[in-house]
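Here the sequence shown stands for residues -5 to 124, numbered as in our numbering.
What follows is a short report on a single structure.
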Amino acid sequence: MAIAMLALHFLVAFSNKFLGKKLQLGFQFDAPRFVYLNLLNALLATCFYLCSIGGRLIFNTHMVICSAAYALLCFTSVIHGVVVYKYITIPLFSVMSISGSMLGSAFFGYVVLKEEFRILRVLAMLIVII
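Written out as C-alpha cells, the structure is:
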C-alpha cells in the first residue's frame, strides 16, 4: 500500500509540474486554460486523497461548511491570479502570494490561536516583509 501511495503521489506531482511547464512553454496563457489546469490539479489531488483514506468519506455539517468556504477562497484566488497576471510578472505574483500566506498564517496564530510572541518569529516576519 505504501508503494502504491508513493507512486500515486509521484504521478500527481509529476503531472502537476508537467502540465504547468506545458502551460508556460506551449500554450497560450488565457483564463480558460488556467482554470482548466487548476481544475485538473484539484481532480488529481482528490483522487490521491480518496486513495489515501481508503475511499471512505464521512460528511458532517462542520466539514461541509469549511469545505465550501475553502472552495470559495480557492476559486477567488484563481480568478484573482488570472486578473493580476495581466499587470505583473509571474515571479512577482508568486513571491507576493507566498509572502502573504506566510504572514497571514502568522497573524492568524497570534490573533486567533493566541500564540506567544517570540523575537525570532517577529524577525522572520520582518525579513519576509522587507
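Beta carbons: idealized from backbone N, C-alpha and C, even for Gly.
(Q) Runs of 4 residues minimum, wholly inside the region 31 to 95: which ones carry the alpha helix (DSSP H) assignment? (A) Counting whole runs of 4 or more residues, the region 31 to 95 contains the alpha helix (DSSP H) stretches 55 to 78.
**Q.** Three-pair Cβ contact test at 8 Å for the region 71 to 80 versus the region 28 to 35
**A.** With the rule of 3 Cβ pairs closer than 8 Å, the region 71 to 80 counts as touching the region 28 to 35.
Q. Do L133 and I123 have their C-beta atoms within less than 9 Å of each other?
A. The structure shown does not extend to residue 133, since the chain is modelled only from -5 through 124, so no value can be given for it.
Q.
Excluding the 5 residues flanking I92 on each side, which residues of the same chain have their C-beta closer than 7 Å to its C-beta?
A. The answer is none, since no qualifying residue turns up.
(Q) I need the boundaries of the alpha helix (DSSP H) containing L120, first residue and last residue. (A) Counting along the chain, the alpha helix (DSSP H) containing L120 begins and ends at 113 to 123.
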